[in-house]
Amino acid sequence: MRAYATYPSLAGRRVFITGGATGIGAAMVEAFSEQGAVVGHLDLAEDAAGALADQLQAAGYARPWFRRVDVTDAAALKAAISDFAAEAGGFEVLVNNVANDTRHDPLETSQDSWRRCMAVNLDCAFFASQAAVHLMRAGGHGGAIVNFSSINAVLGPDGMPGYVTAKAGLLGMTKALARQYGPDGIRVNTILPGWVVTQRQLDLWLTPKAEAEWMEQVCLKERIEPRDAANLAMFLAADDSRMITNQHFIIDGGRV
Ligand SMILES: NC(=O)c1ccc[n+]([C@@H]2O[C@H](COP(=O)([O-])OP(=O)(O)OC[C@H]3O[C@@H](n4cnc5c(N)ncnc54)[C@H](O)[C@@H]3O)[C@@H](O)[C@H]2O)c1
């Protein structure tokens, strides 16, 4: 039986998660809600967000704030974060989780599809952070930004050059923002997950053969669950990590 931490500092904290309806994002909506945080999120997947809210409500937690937003629309993304903060009465934590890891051939990639890939995997993290920094500065108590990169940013596998490039870009963005907004008490850190077993990964890529190969490469021969990544995100959002910023954290069972 596993037993996970409770973070008193997360109770009442205003937390916004991009791409929160499914996968790791949904695990974070759930985990932060369990801590008593005031959670907001956005996604394209409205039905999944509704099911998640029903499930949380049935378990006795508050329904999370949700809006259907395409994060490639920077104005709509920023408006959602600001509207959430206005309704919640403040803003302390942003988790830049949204991504799209669709595979593509480098030699067949058009300028438009490259730009779309950057928009969903990199640009939105910048513009969401822009909105968050304004709100955190206005609050006067700092805040925490947690970005989701990937071990693919450092391993550089075949078949996903846009995703790999964007995820590596997030590492640089983390450094730039952590340095610039540290004096405001805003911490910026990045999580690099290995292969986390979400429904999307099971449906699209995590075949028994691929999983057997993965298990040969890692130290810990167990699946990484969405909750494992959520646990690290909560630590990086909580006061327990108050002097940690400008860092990258790998959670991959020892693959890298
Ligand atoms: N699952 C893994 O194995 C893995 C490994 C390494 C890194 N990561 C990273 O962790 C984070 C979460 O991973 P995941 O597997 O849960 O992601 P995912 O791709 O399954 O889900 C992301 C969420 O974003 C939503 N979304 C996609 N495009 C959107 C858009 N344009 N606008 C709004 N919402 C949109 C999806 O509907 C989904 O709910 C991502 O940043 C991912 O790159 C995941």
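Count along the sequence shown starting at 1, add 443, and that's the number in the numbering used here.
Glycine included, every Cβ here is placed at the ideal spot set by N, Cα and C.
Since this is a predicted model, take the numbers as computed values, not measurements.
Handout entry: Buried/exposed call for Pro651, threshold 16 Cβ in 10 Å
Key = For the purposes of this step, residue 651 is taken as residue 208 along the sequence shown, with counting starting at 1. Counting Cβ neighbours within 10 Å, Pro651 comes out exposed, since fewer than 16 surround it.
Exercise for the section: Please work out which residues of its chain come closer than 7 angstroms, Cβ to Cβ, to Phe527, disregarding the five sequence neighbours upstream and downstream, and give them in chain order. Expected result: Numbered from its first residue, the sequence shown carries residue 527 at position 84. Around Phe527: Phe459, Gly483 and Trp508.
Handout entry: Proximity test, Asp513 beta-carbon vs ligand 1 heavy atom, cut-off 7 angstroms
Key = Stepping through the sequence shown from its first residue, residue 513 is reached at position 70. The answer is yes for Asp513.
Handout entry: Proximity of Met677 and Tyr504 at Cβ, strictly below 8 angstroms
Key = Start at 1 with the first residue of the sequence shown, and residue 677 comes out as number 234. Start at 1 with the first residue of the sequence shown, and residue 504 comes out as number 61. Contact flag unset, no.
Practice task
Determine the direct distance from the alpha carbon of Ser476 to that of Leu649, and round the result to whole angstroms.
Solution key: Indexing the sequence shown from 1 puts residue 649 at position 206. Indexing the sequence shown from 1 puts residue 476 at position 33. Rounded to the nearest angstrom, the two C-alpha atoms are 29 angstroms apart.
Problem - Straight-line gap, Asn435 to Asp490 (C-alpha atoms, nearest Å) - result: Residue 435 lies beyond the residue range present for the chain, which begins at 444 and ends at 699; the question has no answer from this structure.
Handout entry: Distance, Val481 Cα to Ala531 Cα
Key = Here residue 531 refers to the residue found at position 88 of the sequence shown. Here residue 481 refers to the residue found at position 38 of the sequence shown. Going from the Cα of Ala531 to the Cα of Val481 covers about 7 angstroms.
Practice task
Would you check whether ligand 1 has a heavy atom nearer than 7 angstroms to the C-beta of Ala517?
Solution key: Residue numbering aside, residue 517 sits at position 74 when the sequence shown is read from its first letter. Here the distance from the Cβ of Ala517 to the nearest heavy atom of ligand 1 is not below 7 angstroms.
Problem - Heavy atom of ligand 1 within 7 angstroms of Gln498 beta-carbon - result: For the purposes of this step, residue 498 is taken as residue 55 along the sequence shown, with counting starting at 1. Result no, Cβ not under 7 angstroms from ligand 1.
Problem - Per-residue DSSP class, three states only, for Asn543 - result: On the sequence shown, position 100 is the one that residue 543 refers to. In the structure shown, Asn543 falls within a coil segment according to DSSP collapsed to helix, strand and coil.
Handout entry: Which of helix, strand or coil DSSP assigns to Gln478
Key = The residue labelled residue 478 in the question sits at position 35 within the sequence shown. DSSP places Gln478 in coil when its eight states are reduced to three.
Practice task
Using only the heavy atoms of ligand 1, determine whether one of them is closer than 7 angstroms to the beta carbon of Gln644.
Solution key: Start at 1 with the first residue of the sequence shown, and residue 644 comes out as number 201. Yes, the Cβ of Gln644 comes within 7 angstroms of a heavy atom of ligand 1.
Exercise for the section: Name the two residues that bound the continuous alpha helix (DSSP H) containing Trp657. Expected result: For the purposes of this step, residue 657 is taken as residue 214 along the sequence shown, with counting starting at 1. Counting along the chain, the alpha helix (DSSP H) containing Trp657 begins and ends at Pro651 to Gln660.
Practice task
Would you be able to state if there are at least three C-beta pairs under 8 angstroms between the region 574-582 and the region 600-616?
Solution key: no
Practice task
Can you tell me the Cβ-Cβ gap for Ala672 and Val639, rounded? I've got them flagged as a contact below 8 angstroms.
Solution key: On the sequence shown, position 229 is the one that residue 672 refers to. On the sequence shown, position 196 is the one that residue 639 refers to. The pair is a contact, with the Cβ atoms about 6 angstroms apart (cut-off 8 angstroms).
Problem - Among Thr465, Ala517 and Ala501, the one whose alpha carbon lies nearest that of Ala492 - result: On the sequence shown, residue 492 is found 49 positions in, with the first residue counted as 1. Among Thr465, Ala517 and Ala501, the Cα nearest to that of Ala492 is on Thr465.
Problem - ligand 1 heavy atom lying under 7 angstroms from the CB of Val639 - result: Numbered from its first residue, the sequence shown carries residue 639 at position 196. Yes, the Cβ of Val639 comes within 7 angstroms of a heavy atom of ligand 1.
Exercise for the section: Thinking Ile467 and Pro669 are a contact (beta carbons under 8 angstroms), I'd like their distance in whole angstroms, please. Expected result: Translated into the one-based positions of the sequence shown, residue 467 becomes position 24. Translated into the one-based positions of the sequence shown, residue 669 becomes position 226. Ile467 to Pro669, Cβ: 5 angstroms. Contact.
Handout entry: Cβ-based neighbour list, Ala574, same chain, cut-off 7 angstroms, excluding 5 preceding and 5 following
Key = Taking the sequence shown and counting its residues from 1, one reaches residue 574 at position 131. Within the same chain, Ala574 has close Cβ partners Lys521, Ile524 and Ser525.
Problem - Residues that Ala508 bridges to, as DSSP identifies them - result: As a first step, residue 508 is located in the sequence shown; it is residue number 65 there, counting from the start. The residue you asked about is not Ala; residue 508 is Trp in the sequence shown. Gly483, per the DSSP bridge assignment.
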